[in-house]
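Heads up: the structure comes next, in structure tokens.
Protein chains in written order, with our numbering: chain A, 1 to 175; chain B, 176 to 323; chain C, 324 to 526.
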């Protein structure tokens, strides 16, 4: 049995039909006033639809990218957790065998380390410092910003120095 | 038989390791979004920034550097990708080319949906690029890129 | 306008995407996110009125959807299923923020026995000439009015008026009965009528 509120809502949305509709309309004390109320409710709906509408998700690709990273993070943590849960039982590995294998592995490790270190080449370094070809700030976002370039030759660091970018609150330091 | 295999397996492994060709690891670009600020008790500098710690402190005058977003990626010419990102910032890269000297990159720093800064750079191997971003609270946003 | 054939094809392809997600295919999930991210964000924004919070809640909703995708049985549309997650996340967040209306919150247990449909229970606010109202002022008034609804009433009015969802879809998204949806719509509409009369009468 529908309550009055349920019937009213259904009537307003045009969901009442047949006998239910005629009975409800007959029960209204002031049909004209009810129709006026119905029209007002429809105006509210139209107002909401028109003024609220669809909010644009700006930078939607970044949204998806950020979500993908979160999923990857969660998936990675899940795999590690299930790997920890796996327990293997082996009866072949007795304590003497483990001790023997441990000693042999350590000896091998030391030999390989010696050999690899002999083969290792020093890390390649480019003779060139990083260069800034050009740089620009959005003049609409930061109308007073300037850009300069500095090079610290000894430490091979190139710095692109900006001034005049809009300061932001500390919340923006969130990870 | 058990004792024989205990000897044989390590020996075979040693032969394989020594005979293996010298394989050069693919180069990656490490990028970080860093908040630099002055604090009473600074935390240790992140390992990725150790090498340029002196330059950072001298240039920017801060005693603490915290990484709020980072990534390590192999760049392929012609591909676009997001590098370091944090909750509000994102560093976008368009890899334009690669030479012996390094990578030619178009970098864009976004604050949410706004483009703050764009730069074309030739990022050389072992020559880090540091970009000074906006002031954030009492600190400073820095972007750091290093070819590793 | 989509024909029945193309709508059916879209449903099949969506089901296919969901199956792939259930097998762990993140690219398939990426495709679903692309289809729904704007609608989800927009819905949440209209509930919480903060872009940053809406962004975070949308992310949380999709992440939750990914984690529970294996539980989706296909009994409802994927769209309704994800809305359920969105509503749970958003309403929980609003409750935690203790967002309450300026007046008494609507209590579903209190039922008016008889309401004169033409009655105006709240005095009309002073009318402002529409010519003086800027678009953002109208929007601000609407958002203020919606803020005075409880999270559950907010959800039903937005899902009905903005998303054109059917009663049973709203009921499924909110985990309540169809009767409760209709009852909440009744009170939410009444309250918004009273709060926004000067706005919609002058448009």
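For each residue, glycine too, the CB sits at the ideal point set by N, CA and C. This structure is a prediction, so every number in the text was calculated from the model and none was measured.
Q: Give every residue of the same chain whose Cβ lies closer than 8 Å to the Cβ of residue 439 of chain C, excluding the five residues on either side of it in the sequence, and list them in chain order.
A: Note that residue 439 of chain C scores a pLDDT of 36, beneath 50, so its modelled location is shaky; the value from the coordinates is reported in the next line. So the list is empty, once near-sequence residues are dropped.
Q: Output yes if chain A places a C-beta closer than 8 Å to the C-beta of residue 268 of chain C; else output no.
A: Nothing in the structure corresponds to residue 268 of chain C, since chain C is present only between 324 and 526.
Q.
So, at 7 Å on beta carbons, what are the nonlocal neighbours of residue 490 of chain C in its own chain, with the 5 sequence-adjacent residues on each side left out?
A. Excluding residues within five positions, the ones whose Cβ falls inside 7 Å are 501, 504 and 505.
Q.
Please confirm whether residue 290 of chain B has its beta-carbon closer than 8 Å to some beta-carbon of chain A.
A. yes
Q | Where residue 483 of chain C falls, given that 16 or more other Cβ within 10 Å makes a residue buried | A | buried
Q) What does residue 281 of chain B pair with, by DSSP beta-bridge criteria? A) B:269 and B:295
Q. When burial is assigned at 16 or more other CB atoms within 10 Å of the CB, is residue 459 of chain C buried or exposed?
A. exposed
Q. What separation, rounded to the nearest whole angstrom, lies between the Cα atoms of residue 173 of chain A and residue 227 of chain B?
A. 21 Å
Q. Using a beta-carbon distance below 8 Å, is residue 161 of chain A in contact with chain B?
A. yes
Q | Distance CB(residue 162 of chain A)-CB(residue 147 of chain A) smaller than 8 Å | A | yes
Q) Mapping DSSP to helix, strand and coil, what is residue 140 of chain A? A) coil
Q) For residue 449 of chain C, which of helix, strand or coil comes out of DSSP? A) Any answer about residue 449 of chain C is weak, because its pLDDT of 43 lies below 50 and its placement is not dependable; what the coordinates show is given next. Three-state result, residue 449 of chain C: coil.
Q | Reduced DSSP category for residue 240 of chain B - H, G, I as helix; E, B as strand; rest coil | A | strand
Q) Taking DSSP as the reference, what is the three-state secondary structure of residue 251 of chain B? A) If DSSP states are grouped into helix, strand and coil, residue 251 of chain B belongs with coil.
Q: For chain B, find out if any of its Cβ atoms is closer than 8 Å to the Cβ of residue 200 of chain A; answer yes or no.
A: Since the first residue shown for chain A is 1 and the last is 175, residue 200 of chain A is missing from the structure and cannot be characterised.
Q) Does any CB atom of chain C fall closer than 8 Å to the CB of residue 175 of chain A? A) no
(Q) With DSSP as the reference, identify every bridge partner of residue 300 of chain B, one or two as the case may be. (A) Residue 300 of chain B pairs with B:322.
Q.
On the criterion of 16 or more Cβ atoms from any shown chain inside 10 Å, does residue 303 of chain B qualify as buried, or is it exposed?
A. buried
(Q) Within 10 Å of its beta-carbon, does residue 32 of chain A have 16 or more other beta-carbons around it, so buried, or fewer, so exposed? (A) exposed
(Q) Please list, in chain order, the chain A residues whose beta carbon lies closer than 7 Å to that of residue 257 of chain B. (A) 65
(Q) Only counting the same chain, and skipping five residues up and downstream in sequence, which positions put a Cβ closer than 8 Å to that of residue 149 of chain A? (A) The residues are 132, 135, 158, 159, 160 and 161.
Q) By the criterion of Cβ-Cβ separation under 8 Å, what are the contact partners of residue 114 of chain A in chain B? A) Simply none; closest approach about 11 Å.
(Q) I'd like to know whether the C-beta atoms of residue 403 of chain C and residue 380 of chain C end up nearer to each other than 8 Å. (A) no
Q | Cα-Cα separation, residue 142 of chain A to residue 317 of chain B | A | 17 Å
Q. Given a threshold of 16 other Cβ atoms within 10 Å of its Cβ, counted over all protein chains shown, does residue 425 of chain C qualify as buried or as exposed?
A. Interpretation of residue 425 of chain C is limited by its pLDDT of 38, a score under 50 that renders its predicted location unreliable; no figure is taken from the coordinates.
Q: Under 9 Å between beta-carbons, which chain A residues line up against residue 234 of chain B? List them in chain order, please.
A: Neighbours of residue 234 of chain B on chain A, chain order: 150, 152, 157, 159 and 161.
**Q.** residue 227 of chain B - containing beta strand (DSSP E), residue span
**A.** No beta strand (DSSP E) holds residue 227 of chain B; DSSP gives it neither H nor E.
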